[in-house]
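Residue numbers (my numbering): 604 to 891.
Data first, discussion second: the structure below is written as structure tokens.
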Amino acid sequence: MKKAVTIQDISCKGKCSITVALPILSAMGIDTAVLPTAILSNHTGFDDFFVHDLSSDFTPITTQWKKQGFSFDAIYTGYLGTERHVDHVKEFVKDFKRDDTLLIVDPAMADDGKMYSGISPSFASDMHKLIKGSDVILPNLTEASFLLGEDLFHKEYTEEDIVSILKDLSKLGAKKVVLKGISFSRDQKSLKGIKGKIGNVTYDSSRERITWHFHKKIDQSFCGAGDVFASSLTGALLRGSSLEEAIQISGDFVLESIKKTMEEEDYSTLYIDFEKALPWLMKRIGIL
Ligand code: PXL
Numbered sequence: 604m605k606k607a608v609t610i611q612d613i614s615c616k617g618k619c620s621i622t623v624a625l626p627i628l629s630a631m632g633i634d635t636a637v638l639p640t641a642i643l644s645n646h647t648g649f650d651d652f653f654v655h656d657l658s659s660d661f662t663p664i665t666t667q668w669k670k671q672g673f674s675f676d677a678i679y680t681g682y683l684g685t686e687r688h689v690d691h692v693k694e695f696v697k698d699f700k701r702d703d704t705l706l707i708v709d710p711a712m713a714d715d716g717k718m719y720s721g722i723s724p725s726f727a728s729d730m731h732k733l734i735k736g737s738d739v740i741l742p743n744l745t746e747a748s749f750l751l752g753e754d755l756f757h758k759e760y761t762e763e764d765i766v767s768i769l770k771d772l773s774k775l776g777a778k779k780v781v782l783k784g785i786s787f788s789r790d791q792k793s794l795k796g797i798k799g800k801i802g803n804v805t806y807d808s809s810r811e812r813i814t815w816h817f818h819k820k821i822d823q824s825f826c827g828a829g830d831v832f833a834s835s836l837t838g839a840l841l842r843g844s845s846l847e848e849a850i851q852i853s854g855d856f857v858l859e860s861i862k863k864t865m866e867e868e869d870y871s872t873l874y875i876d877f878e879k880a881l882p883w884l885m886k887r888i889g890i891l
């Protein structure tokens with residue numbers, strides 16, 4: 604069984620971070636350890652929240668893990684929120700990343716043009732430390748804006764602009780980049796029929812290769828959708844999919860999860876009902 608560890612917060616209410624990553628990776632047949640960075644009463648998309656920082660528990664946990672020789676095929680990091688957590692994760696990577704361990708960094712910190720509540724815009728430069736030396740990063744356009752220090756979110760962009768953003772992001776030191784939530788209002792030169800759709804694009808710097816995956820656009824964004832994407836992408840990569848196949852699986856899984864969520868009459872954008880789409884995912888990867 605492939606082994607992963609995910610490092611991010613536990614939001615006790617609201618579906619995101621560890622409460623999304625663990626069930627998805629488990630359903631995909633991945634033996635998953637969790638290393639929580641903080642406990643929040645609920646995710647920060649709600650009006651208010653309480654945070655309990657777990658930084659001081661990090662070293663005692665990892666000391667035990669080192670003593671017991673635990674090792675991982677993938678290290679997947681999500682919401683971290685503070686520079687201190689980034690530094691702990693850097694230490695963790697130094698101690699636990701083997702040559703063949705995948706380091707997947709989701710710079711989960713912002714959406715819809717702004718930082719998540721409680722995260723300072725300067726946190727983007729802290730994330731640079733973790734991105735350098737990573738295998739895959741998964742920013743959305745807002746996160747790409749903060750990482751590159753330019754507003755890419757409020758502008759119309761073309762296919763060429765996206766290619767140049769991908770290259771700039773890869774210069775931060777990640778081998779592969781997945782840019783999420785791309786949507787064009789007009790067809791592009793080599794991308795016919797994508798007008799009004801939404802999708803994700805990958806860039807592999809070693810092969811200079813770009814792939815696009817678009818699907819139906821739903822004009823609602825759901826908290827935790829990025830985590831559903833990143834968790835299923837980590838699972839797919841560990842199961843041997845190429846990055847190009849993995850973004851198709853994850854993009855479609857997010858769409859299935861959103862469709863299932865919106866089937867409920869009283870659904871809320873604070874929760875994404877990914878659980879209902881797990882059978883779809885397990886069938887898609889051939890384990891059901
Ligand atoms: O990645 C989403 C996420 C994770 N963790 C916390 C959050 C959010 C999004 O709002 O608030 C605590």
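Just so it is clear, CB atoms sit at the ideal spot from N, CA and C, and this is done for glycine as well.
According to DSSP, residues forming a beta bridge with residue i
i: S614; result: L643
i: W815; result: V804
i: K606; result: D634
i: I785; result: G802
i: V857; result: V857 pairs with nothing; no bridge assigned.
i: V654; result: L643
Best match in the options for proximity to residue i [C-alpha to C-alpha]
i: T805; options: F756, S853, E759, G716; result: S853
i: N803; options: S809, K820, W815, V780; result: W815
i: L751; options: F649, H688, L782; result: L782
i: G838; options: S659, L705, Q671, T662; result: L705
i: G681; options: Q671, M730, D660; result: M730
i: D715; options: S767, E746, K669; result: E746
i: L733; options: G776, G889, S835, M885; result: G776
i: Y874; options: F832, A828, D690, A711; result: A828
i: K605; options: Y760, Q851, G684, D703; result: D703
i: L858; options: G784, S725, K697; result: G784
i: L725; options: F756, M712, I797; result: In the sequence as presented, Leu is not what sits at residue 725; that position holds Ser. Minimum Cα distance to S725 is reached at M712.
i: P663; options: F695, G736, I678; result: F695
i: F856; options: Y870, M885, L846; result: M885
i: F699; options: K669, I850, T761, E762; result: K669
Buried or exposed by the 16-neighbour rule on C-beta atoms within 10 Å, applied to residue i
i: H646; result: buried
i: G843; result: exposed
i: H688; result: buried
i: H655; result: exposed
i: C615; result: exposed
i: H691; result: buried
Heavy atom of ligand 2 within 8 Å of residue i beta-carbon
i: G721; result: By its list of ligands, the structure shown excludes ligand 2, since it contains just ligand 1.
Item to check | Segment contact flag, the region 871-882 with the region 618-628, C-beta cutoff 8 Å, min 3 pairs | outcome: yes
Item to check | Touching by the beta-carbon criterion (3+ pairs, under 8 Å), the region 854-864 and the region 606-620 | outcome: no
Next on the checklist: Runs of 4 residues minimum, wholly inside the region 671-726: which ones carry the alpha helix (DSSP H) assignment?
Outcome noted: 686-699
Item to check | Length-filtered (4 minimum) alpha helix (DSSP H) runs lying within the region 716-780 | outcome: 726-734, 744-751, 762-773
Checklist entry - Is there contact here, the region 816-825 with the region 759-771, by at least three beta-carbon pairs under 8 Å? => result no
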